[in-house]
Amino acid sequence: MRSYKVVITLESPTVLGSGEGWGSLIDTDVVFDDIGLPYFPSKRFKGLLRHSAVNVIDMFRQSGLNFLNDVDVIYRAFGRAGDNESGVVIFNNLYLPDYEIGRQWLKYLLESRRLSRIISKDTIIDSMTIIRQHTSIDNEGLAENGSLRTIRALKRGLRFEGYLDFIYPDDDVLKLLALSCINLRHVGLMRHKGYGEVDCRLLDGDTDLSQKVVDELEARF
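All letters in the sequence shown, in the order written, are residues 1 to 221 by UniProt numbering.
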């Protein structure tokens with residue numbers, strides 16, 4: 001099995017919605033683990049990357065370029081809906097850099113009686129997020145009654161990392177995913193309001209595969 005690293009950098013505040021709120025204070029919250037560290041769920045990333053991959057394939061077809069024109073490459077990468085076979089790639093959660101080490105230290109601090117007043121799950125969450133409020137405006141330029149919403153968003157600059165595990169080699173799938181990563185520019189909720197701008201790359205060690213495939217395309221066409 002061969003693994004390739006995915007790196008996503010948040011270029012604007014981002015709402016990776018959890019589908020839940022935070023009591024009566026926050027209407028839309030982001031995804032955290034049990035101690036307050038944010039992460040990027042694998043199923044959500046897979047869905048976003050699949051959508052990006054479909055767009056990449058469509059761009060090649062519309063431009064008439066003879067590249068990644070195998071109709072099955074999408075299914076080999078992501079599997080088919082309702083099919084028992086999941087494709088050649090295993091998608092994993094994306095976490096903050098050095099997640100396991102940081103998690104162990106934070107868990108130790110959270111369990112320390114001496115430090116329990118200084119650090120908590122809430123302080124961990126607050127250190128990496130911002131709170132913003134939005135309201136809807138009616139035709140007269142006034143705020144609509146009951147439209148005020150409070151959201152929690154991840155701060156710009158946070159980085160998430162994880163791996164795509166290839167069950168067996170597939171060069172076309174690798175190229176498709178490399179391009180799909182660099183084509184992925186927005187994630188999460190409220191993208192139309194400036195949230196969720198990202199830079200996404202697929203790496204093989206120190207090699208930026210996303211940029212490498214782009215450079216190969218420019219030289220070829």
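Where is the CB? At the ideal position from N, CA and C, for every residue including glycine.
(request) Could you tell me which residues DSSP pairs with residue 2 in its beta bridges? (result) Taking the sequence shown and counting its residues from 1, the one referred to as residue 2 is at position 2. In the DSSP output, where bridge partners are listed per residue, residue 2 has 166.
(message) Once DSSP output is grouped into helix, strand and coil, what is the label at residue 44?
(response) For the purposes of this step, residue 44 is taken as the residue at position 44 of the sequence shown. Residue state, collapsed to three classes: helix.
(message) So for residue 153, helix, strand or coil by DSSP?
(response) By 1-based counting over the sequence shown, the position of residue 153 is 153. Three-state result, residue 153: strand.
(request) For the segment 41-108, list the beta strand (DSSP E) runs that are entirely contained and at least 3 residues long, ordered along the chain. (result) 89-91
(request) With DSSP as the reference, label residue 31 as helix, strand or coil. (result) Within the sequence shown, the letter at position 31 stands for residue 31. Three-state DSSP puts residue 31 in coil, outside helix and strand.
(request) Let me know the secondary structure DSSP gives residue 111 once reduced to three states. (result) Mapped onto the sequence shown, residue 111 falls at position 111. It is helical.
(request) Going by CA-CA distance only, name the one from 188, 163, 213 that's closest to residue 182. (result) Here the question's residue 182 lines up with position 182 in the sequence shown. The candidate whose alpha carbon is nearest that of residue 182 is 213.
(message) Can you tell me where the beta strand (DSSP E) holding residue 201 begins and where it ends?
(response) Working through the sequence shown from its first residue, we reach residue 201 at position 201. Residues 198-204.
(request) Along the alpha helix (DSSP H) that carries residue 214, what are the first and last residues, could you check? (result) As a working mapping, residue 214 is identified with position 214 in the sequence shown. Per DSSP, residue 214 belongs to the alpha helix (DSSP H) from 209-220.
(message) Restricting to Cα atoms, I'd like to know which of 5, 127, 4, 108 is closest to residue 152.
(response) Stepping through the sequence shown from its first residue, residue 152 is reached at position 152. The candidate whose alpha carbon is nearest that of residue 152 is 127.
(request) Quick one: give me the first and last residue of the alpha helix (DSSP H) that residue 173 is part of. (result) The count along the sequence shown starts at 1 and reaches residue 173 at position 173. Unbroken alpha helix (DSSP H) run through residue 173: 171-183.
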